[in-house]
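**Student:**
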Amino acid sequence: FMLKEIYEQSSTLRNTLRLQDQFLELMTEFLDRAGEVFLVAAGTSYHACLAASYMFSKLAFLATHPIIASEFVEQHGKSVNIDSTILFVSQSGETADTLAALDHARLRASTILGLTNVIGSTLTRLSRVYVCQQSGPEIGVAATKTFTSQLSVLAQLALRLAKRRGKVSHVEIEFLEKKLQQIPDIAEDILRTQPGKIKQLAKKYCDKPCFFYLGRGISSATALEGRLKLLEIAYVPAIAYPAGESKHGPISLIETGFPLVFICPRDETHKMVVSNIMEMKARGASIIIVCEEGDEELKRLADDCIEVPKGVPEILSPIVYVIPLQLFAYYMALEQ
Ligand code: BG6
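Quick look at the structure:
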């Protein structure tokens, strides 16, 4: 089922582009009016929230707080109030930690918004407004297609909010809207061209006892999700960090042959990631890079490289860059 659901992503992403306009618009209005915004979720859905915090900040100039559901009450329980708006993201709409945070927020009279895949779930019943991501049932335990759909919905919300707030030029908004429409085709392209190579990589690296996933900016969320898939499915210990933070401790793990997966789209962080890669290479790490097609600078540095089609804008990059990582986790699990 996991493999089937990974392959479904080009069609689920198409469905997610056909959401009901009025609910997206209403949710955008709540976000625009909010005093403070929290994005609360567990597991993979939390990684979608983390990526979304970059989208909202970069496009709509809205600061949001992505919070792990099981930490929400401890961290913000006393401060949330009637002025807080909380977007709960849950594929199932039933995760106990997420619902516990939601109960607390309701008691404090906060505005509850929901993003879920299951109509009729507790999250849909308790939300002031909810959006259904339209990914179809996910049978595999590891979230794959529902993650990319969540990201697509969150990007659509960030774009609408940017439009409403007039923070970004209409030329840029139109460009990003067009790119979002192309994402399902790009997913299809990756699923057609990359699996053979990823299978070979899994064979090459399957004996490694531990992996390191690194990315900067929005790609740090992609790194966390890639690492979670490997842990959850292949039972291989893995660490993920924002690449810039890796020098503050975790770098001491690196020795000859230690496998490092860098997620490196051609965005504003590219130059800094190149220097992180050189740092790790100098310590003998084996470098696997997920990068843009034809990125010769990175290909020269990499031991192995997975290429993603050109021209994916930074804020949409997690939707496509995570797909090779899902496949890698799947093939690694088969090799164990
Ligand atoms: C975990 C699953 O138990 O729940 C993860 O293993 C999932 O894959 C997480 O991301 C959260 O689930 P949901 O339904 O709230 O998005």
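Under our numbering, the residues of the sequence shown are numbered 782 to 1117, in order.
Positions of the beta carbon are idealized from the N, C-alpha and C atoms, including for glycine.
1. Taking C-beta to C-beta, are A890 and I863 nearer than 7 Å?
2. Can you check DSSP and say which residues form a bridge with A1019?
3. Return the bridge partner residues of C913 from the DSSP annotation.
4. Tell me whether S1126, by its Cβ, gets closer than 6 Å to a heavy atom of the ligand BG6.
5. On a Cα-Cα basis, can you pick out the residue from M1053, P976 and Q937 that is closest to K960?
6. With distances taken Cα to Cα, identify the nearest neighbour of P976 among S838, A1110 and F837.
7. Is V922 close to chain D? Criterion is C-beta to C-beta, closer than 7 Å.
8. Does the distance between the C-beta of T825 and the nearest non-hydrogen atom of the ligand HEM fall short of 6 Å?
9. Are there 16 or more other CB atoms within 10 angstroms of the CB of Q914, so buried, or fewer, so exposed?
10. So what does DSSP say about E1036, is it helix, strand or coil?
11. Please report the residue range of the beta strand (DSSP E) in which D1085 lies.
12. Less than 6 Å separating the Cβ of A924 from some heavy atom of the ligand BG6?
13. So, for S916: in the same chain, excluding its five sequence neighbours on each side, which residues have a beta-carbon less than 6 Å away from its beta-carbon?
14. Is T876 near the ligand BG6 - that is, is its Cβ less than 6 Å away from at least one heavy atom of it?
15. Verify the contact flag: T879, CB atom, against every heavy atom of the ligand BG6, threshold strictly below 6 Å.
16. Use the C-beta contact count for M836: other C-beta atoms within 10 angstroms, 16 or more gives buried, fewer gives exposed.
17. Run the CB neighbour count on L730, radius 10 Å, all protein chains shown included, and call it buried at 16 or more, exposed below.
18. From what residue to what residue does the alpha helix (DSSP H) around I964 run?
19. Assuming I1068 contacts F1043 (C-beta within less than 8 Å), just tell me the rounded distance between them.
20. Does the segment 817-826 come within contact of the segment 862-879, defined as at least 3 CB pairs closer than 8 Å?
21. Let me check one thing: in DSSP terms, what residues is L820 bridge-paired to?
22. Using alpha carbons as the reference points, say which of F956, S873 and L800 lies closest to P1170.
23. DSSP beta-bridge partners for E1073?
24. Any idea what DSSP makes of C1045, helix, strand or coil?
25. Run through DSSP, which three-state label would S860 get?
26. Starting from the Cα of C1045, find the closest Cα among G996, P918, F804 and L1115 and give me that residue.
27. State the Cα-Cα distance for the pair R1064 and D988, rounded to the nearest angstrom.
28. Would you decide whether F993 is buried or exposed? Buried here means 16 or more other CB atoms lie within 10 Å of its CB.
29. From K785 to R1047, what distance separates their C-alpha atoms?
**Tutor:** Per the coordinate set shown:
1. Translated into positions along the sequence shown, residue 890 becomes position 109. Translated into positions along the sequence shown, residue 863 becomes position 82. Yes.
2. For this step, residue 1019 is matched to residue 238 along the sequence shown. DSSP output for A1019 lists F992 as bridge partner(s).
3. On the sequence shown, position 132 is the one that residue 913 refers to. Its beta-bridge partners are T897.
4. Nothing can be reported for residue 1126: it is not among the residues displayed for the chain, which extend from 782 to 1117.
5. Counting from 1 along the sequence shown, the entry for residue 960 is found at position 179. Comparing Cα-Cα distances from K960 to each of M1053, P976 and Q937, the minimum goes to Q937.
6. Walking along the sequence shown from the start, residue 976 turns up at place 195. Closest option to P976, Cα to Cα, is A1110.
7. In summary, chain D is missing from the structure at hand, where a single protein chain is found.
8. With respect to small molecules bound, the structure shown includes the ligand BG6 and not the ligand HEM.
9. Looking up residue 914 in the sequence shown gives position 133. Classification of Q914: buried, given that the 10 Å Cβ count is 16 or more.
10. Within the sequence shown, the letter at position 255 stands for residue 1036. Looking at E1036 - three-state DSSP - the assignment turns out to be coil, as it is neither helix nor strand.
11. Position 304 of the sequence shown holds residue 1085. Unbroken beta strand (DSSP E) run through D1085: D1085 to V1089.
12. Position 143 of the sequence shown, counting from 1, holds the residue named residue 924. Because some heavy atom of the ligand BG6 lies under 6 Å away, the Cβ of A924 counts as near it: yes.
13. Within the sequence shown, residue 916 is the residue found at index 135, counting from 1. Closer than 6 Å at the Cβ level, and outside the excluded window around S916, lie T793, N898, K926, T927 and S930.
14. Taking the sequence shown and counting its residues from 1, the one referred to as residue 876 is at position 95. T876: yes, Cβ under 6 Å from the ligand BG6.
15. What you label residue 879 is simply residue 98 of the sequence shown in a count that begins at 1. Yes; taking the cut-off as 6 Å, the Cβ of T879 has a heavy atom of the ligand BG6 nearer than that.
16. Here the question's residue 836 lines up with position 55 in the sequence shown. Its Cβ being crowded by 16 or more others within 10 Å, M836 is buried.
17. One cannot answer for residue 730 here, as it falls past the ends of the chain, which runs 782 to 1117.
18. By 1-based counting over the sequence shown, the position of residue 964 is 183. Looking at the DSSP string, the run of the alpha helix (DSSP H) that includes I964 is H951 to T974.
19. Numbered from its first residue, the sequence shown carries residue 1068 at position 287. Numbered from its first residue, the sequence shown carries residue 1043 at position 262. About 7 Å separates the two Cβ atoms, so the contact holds.
20. yes
21. Indexing the sequence shown from 1 puts residue 820 at position 39. Looking at the DSSP output, L820 shares a beta bridge with P847 and L868.
22. Not covered by the structure: residue 1170. The range shown for the chain is 782 to 1117.
23. Counting from one through the sequence shown, the residue named residue 1073 turns up at place 292. According to DSSP, which records beta bridges pairwise, E1073 is partnered with V1089.
24. The residue you call residue 1045 lines up with position 264 of the sequence shown. Here C1045 sits in strand by DSSP.
25. Reading the sequence shown from its first residue, position 79 is the one you call residue 860. In the displayed model, S860 falls within coil according to three-state DSSP, outside both helix and strand.
26. Within the sequence shown, residue 1045 is the residue found at index 264, counting from 1. Comparing Cα positions, the closest option is G996.
27. Reading the sequence shown from its first residue, position 283 is the one you call residue 1064. Reading the sequence shown from its first residue, position 207 is the one you call residue 988. Straight-line Cα distance between these residues: approximately 20 Å.
28. Against the sequence shown, residue 993 aligns to sequence position 212. Classification of F993: buried, given that the 10 Å Cβ count is 16 or more.
29. The count along the sequence shown starts at 1 and reaches residue 785 at position 4. The count along the sequence shown starts at 1 and reaches residue 1047 at position 266. So the alpha carbons of these two residues sit roughly 29 Å apart.
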